[in-house]
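Those sequence lines, one after another, are chains X and D. Residues 5 to 640 (the working numbering) are what the first sequence spells out, left to right. Residues 811 to 1021 (the working numbering) are what the second sequence spells out, left to right.
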Amino acid sequence: MVTTAPDTLIRTNLDFLRRHPPFDRMEADALHFLGERLATAFYPADSEILMPEDGPPSFFYIVYRGKVQARQVGGVAVTEYATLTLGPGEGFPIGAISAGRPSTNGYIAVEDSYCFQLPAADFLRLQEISPSFQLFCTRYIASLLNQSREQLQVQFSQRAAEQQTMTTPLSNLFKKAPVFVAPGLSTRTALEKMVEAGVGCLAVAGDDDKPVGVLTQSDILKRIVLPGFDLTRPIADVMTAPPHTLGTNASAYDAALEMATHGVRHILVVDAENKLKGVISERDLFALQRIGLRQVRSSIESAANVQALQQASQDIRQLALNLLAQGIGAEQLTQFISALNDALTRRIIELNLDRHDLYGVEYAWLAFGSEGRHEQTLSTDQDNGIIYVLPEWADKEPLKLRLLEFARDVNNDLASCGFPLCTGNIMASNPDLCLTIDEWRERFGNWIREPHPEALLNATIFFDFRVLLGDEKLAYKLRHWLLSMTGGNPAFLKAMATNALDVSPPLGKIRDFVTDDDPRYPGTIDLKKFGARLFVDAARVLALRTGVEATSTVQRLRQGGGRIGMPAEELSAMADGFHFIQLLRLRHQHLDTDHGAPGDNRVKPDDLNELDRRILKEAFRQARKIQLRLKLDYQI
Amino acid sequence: MSWLSRLLPGSGPDLSPEQQASLAAITTRPAPDLGRSHFETRYVIINAESRPMDGGGQRLLGVGAVAINRGLLHPAESFRAELGTAPADALLGLLHFVARAPLVVYNAPFNQGILERGFEQNLGNVPALEWLDLMVIMPSLYPERIAGQARMDAWLGAFGIDRLDRHDAVLEALAVAQLHQVALARAKAQGLTTPQDLLESQTSRKWLRGS
């Protein structure tokens, strides 16, 4: 039997592909699918292969022979590289073709090159039939995410430099230009200047700006007031000389050590020529030290009153900003915020227990909603409740009253620490939300039996409960009972799924994104309603269906999705999508609402850089994927 | 239609009525417009497979062909045939694949010669086709690479094209096709934008060389 001509040519394509990743690991069927669809084109040196203005690419390209350079086009750098050279076996443009949008790079043959070309529709089909290729593309998109994170770091570094760590150079810690006077100045004039500038430490320096001495507030009492020092005499006669100095490159830690060693509260900072550049006080260093994860945590746990916790709550915000600046991912960041907010809430509850005697009462303080899912951003109000056990011998009314009074104080303290009272009254002080385990069951049971819209809305808030303080067993029992009720109840799950599908990802057919039509917020997307919630709601259905106890969206996706046989890579891509949206929300809340305005979730896609827009689009595609799964499973 | 008279009984090989109809269908189809750009043109690259005959000369054994359609070389658009015991069918198959597209060979005196003899002997007729010879065209397009006429290996080497198996007519045609893609890129840059331009350039080149 003679080999047909197409077979011969396909075989040469396959021989090439098998020598290059990721095709070397591609499934045989998929590889053949690819091999028979690749057409070869020639591009002479310096010719354009694909340019952004070509619109959405018609082909996926694999370099067969030669060199192709990806070059940034336009003013905004969206990746860390300015140019990137692709050789045989390397493909492009994965991101653009996956997202069906024009390439951000221009691709130019830098020497005579042959490229294989696969039609865009076949590229998408290949991802469907080849798990290994899909994984490759997913990882590629994830690497874009990392680049975005690195970019974020740069964006933040300036803002965060002032309050980072004890290794920060002193030059980054000055708040204002140093206040100093000449040594010949009269003491009276020098003191007037000190009062005028409102400083606790006055430096004395010559005409050449070199410091010769220092006078601090505590010196005034001992050296001037008590001895009756003559205020017409020059300041040089009463100052401390020589002053303690450190170079601008010394760290905050060096300054702390210098202060501790010599028992002083101020250090003069000088440049290489010994000229005075600034004054660092013990207080400056103290502020620096307070804002570390460990410090915030221990200050919360040792707080004696609500005032101390109010400071801690501001520190959590500052810490979150610093962590964001250090390029930490959304997953870890929300975990930190959640852990610290938990600690803060627990301390508030503990402080209130000193005033409210609940000794012997079996109860637990519950968190609902985003707090229950460990997914708090910084502008969430409180959602909480109480579950308790009514002993047989006890009267219900007095016990409940005691719990409600206690809850009211906790709610108010939380509000004073930056967690606004819930406008929907989803708070433990609401008698409807301070219930025994049987009452909770009855309430949940009603929603499951009659899933009308309000019941479904309640389920999306209350089914994400979690114990913050108290008897974990109570919540555990309620959780198990709940999962046994929902797991075998397709009608309820379908209602939840339909509810979850109420909102679609804001992906446009013509434009990239569909923005809000609310005239008050032109060109924006509410990333909570049209982003995070899509994942959260779908993940909840998965969890209730498959009996996953975890409340966090990513855990629910990973565990629940795994139980119904969704591939781990697919689930990871969904988790990445969710995290990216959370990261954008956090970034927006921290960066853009720096001036005290209340944080919101409205992001303007047009204000994002090209890379973030691409990833956001991919994140929405992931949301669409999980929604599609629900649609199929429940035939909605 | 003068060539039809050659098909009359007794004047050539015996073709069955089906074969005659097939040949007629090919030769009467409209010729492609050679005045359109390379990237709107379908070229067919042909490589003849032969063996020296006892009495001198070459005997046509088979043929491999690939198309370059709109600049792209697609594996599905390729053709192979052994002449074997049904040479007329093999060559009819080739002509159907060609579909009157301009043909490209390396070394026309050999390839075009042996193929036209094959058509004459087995179909009783030499269809009117346009032939481009890269051996002639390449030195005029890339004089900085190789100035005069050269062996195919020299040109393949100059552009890093692999000659995968010189005993496989299809793979040989593939190598020539890749060379033709290189030729088209430079032709376009030199203002020779259509097959017609290339054919005219080839003629003047041959005339200049006095061949």
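C-beta: ideal position from N, C-alpha, C; glycine also.
So, residue i versus residue j, is the Cβ gap smaller than 8 Å?
i	j	result
L944 of chain D	V876 of chain D	no
V607 of chain X	L531 of chain X	yes
A124 of chain X	P61 of chain X	yes
P509 of chain X	F624 of chain X	yes
L230 of chain X	A260 of chain X	no
W114 of chain X	V72 of chain X	Looking at the sequence provided, one finds Val at residue 114 of chain X rather than Trp. Yes, these two residues count as a Cβ contact at 8 Å.
L407 of chain X	T349 of chain X	no
L634 of chain X	L548 of chain X	no
D223 of chain X	T252 of chain X	no
L13 of chain X	L984 of chain D	yes
R567 of chain X	T550 of chain X	yes
L538 of chain X	V507 of chain X	yes
G881 of chain D	A45 of chain X	yes
L250 of chain X	E262 of chain X	yes
V283 of chain X	C205 of chain X	yes
A245 of chain X	V216 of chain X	yes
P106 of chain X	G59 of chain X	yes
I228 of chain X	H248 of chain X	no
L587 of chain X	A334 of chain X	yes
Quick one: what's got a C-beta closer than 7 Å to residue i's C-beta in the same chain, skipping five residues either side?
i	result
C141 of chain X	I98, S102 and Q131
V203 of chain X	V183
I465 of chain X	F372, G373, D387 and I430
Q162 of chain X	Below a pLDDT of 50, predicted positions are generally treated as unreliable, and Q162 of chain X, at 40, falls in that range; no measurement from the model is reported.
T528 of chain X	T519, D520, R606, V607 and K608
G389 of chain X	L370, F372, A432, L437 and C438
H484 of chain X	none
Q1012 of chain D	L942, D943, V946 and I947
D399 of chain X	none
S576 of chain X	none
S1021 of chain D	Its pLDDT being 46, under 50, S1021 of chain D is placed unreliably in this model, and the coordinates cannot settle the point.
Who are the near neighbours of residue i in its chain, counting only those whose CB is closer than 6 Å to its CB and skipping five residues on each side?
i	result
N462 of chain X	W451
L425 of chain X	A419
L939 of chain D	L913
Mind listing the chain D neighbours of residue i? Cutoff is C-beta to C-beta under 7 Å, in chain order.
i	result
I14 of chain X	P885
Output needed for residue i: all residues of its chain with C-beta closer than 8 Å, excluding positions within five of it in sequence on either side, in chain order.
i	result
T1004 of chain D	L844, G845, R846, S847, H848 and T851
R976 of chain D	E982
E354 of chain X	L473
D211 of chain X	A186
G79 of chain X	No answer about G79 of chain X holds up, because its pLDDT of 42 lies below 50 and its placement is not dependable.
Just to make sure I have the definition right: I need the residues of chain X whose C-beta is within less than 8 Å of the C-beta of residue i. Which are they?
i	result
R890 of chain D	V6, T7, T8, A9 and T12
F849 of chain D	Here the premise fails: no neighbours, minimum Cβ distance about 10 Å.
V992 of chain D	F46, P48 and D116
Q959 of chain D	Correct list: empty, because the minimum Cβ distance to chain X is about 22 Å.
Give me the residue from the options with the minimum Cα distance to residue i.
i	options	result
T837 of chain D	D:F929, D:P897 and D:Y853	D:F929
T108 of chain X	X:E286, X:T338, X:V518 and X:Q76	X:Q76
D468 of chain X	X:R544, X:S175 and X:P247	X:R544
Q121 of chain X	X:E94, X:R105 and X:F137	X:E94
P25 of chain X	X:R237, X:G91 and X:L511	X:G91
N493 of chain X	X:K513, X:E476 and X:E454	X:E454
F517 of chain X	X:D611, X:L460, X:S488 and X:V208	X:D611
L54 of chain X	X:P457, X:A316, X:Y111 and X:Y65	X:Y111
G535 of chain X	X:Q626, X:A499 and X:I304	X:Q626
Q314 of chain X	X:G422, X:F448 and X:E379	X:G422
Against residue i, what residues of chain X qualify as contacts under a CB-to-CB distance less than 7 Å, listed in chain order?
i	result
D978 of chain D	T12
A858 of chain D	Chain X residues near A858 of chain D: none, gap ~14 Å exceeds 7 Å.
G1001 of chain D	Simply none; closest approach about 15 Å.
G970 of chain D	R69
Starting from the beta carbon of residue i, find every residue of chain D whose beta carbon is closer than 8 Å, and list them in chain order.
i	result
N253 of chain X	Those within 8 Å of N253 of chain X in chain D number zero; the least Cβ separation is about 54 Å.
N17 of chain X	P885
Show which residues of chain D have a CB atom less than 9 Å away from the CB atom of residue i.
i	result
R591 of chain X	Under the 9 Å cutoff, chain D gives no residues; its nearest Cβ is about 44 Å from R591 of chain X.
Does the ligand NAD have even one heavy atom less than 7 Å from the beta-carbon of residue i?
i	result
L325 of chain X	Ligands displayed in this structure: none; no statement on the ligand NAD is therefore possible.
query = Do the segment 864-873 of chain D and the segment 917-934 of chain D touch if we need at least three Cβ pairs shorter than 8 Å?
reply = The segment 864-873 of chain D, when compared against the segment 917-934 of chain D, does touch it at the 8 Å Cβ threshold.
query = Should the segment 406-421 of chain X be regarded as contacting the segment 430-439 of chain X, the criterion being three or more beta carbon pairs within less than 8 Å?
reply = yes
key: Residues of the segment 21-54 of chain X with Cβ closer than 8 Å to any Cβ of chain A, in chain order   = The question asks about chain A, but that chain is absent: this structure's protein chains are X and D.
query = If you pair each beta-carbon of the segment 28-35 of chain X with each one of the segment 894-912 of chain D, do three or more pairs fall below 8 Å?
reply = The segment 28-35 of chain X, when compared against the segment 894-912 of chain D, does not touch it at the 8 Å Cβ threshold.
query = With contact counted as at least three CB pairs below 8 Å, one residue from each stretch, are the segment 297-312 of chain X and the segment 357-373 of chain X in contact?
reply = no
The segment 907-921 of chain D touching the segment 944-956 of chain D, judged by at least three CB pairs closer than 8 Å = yes
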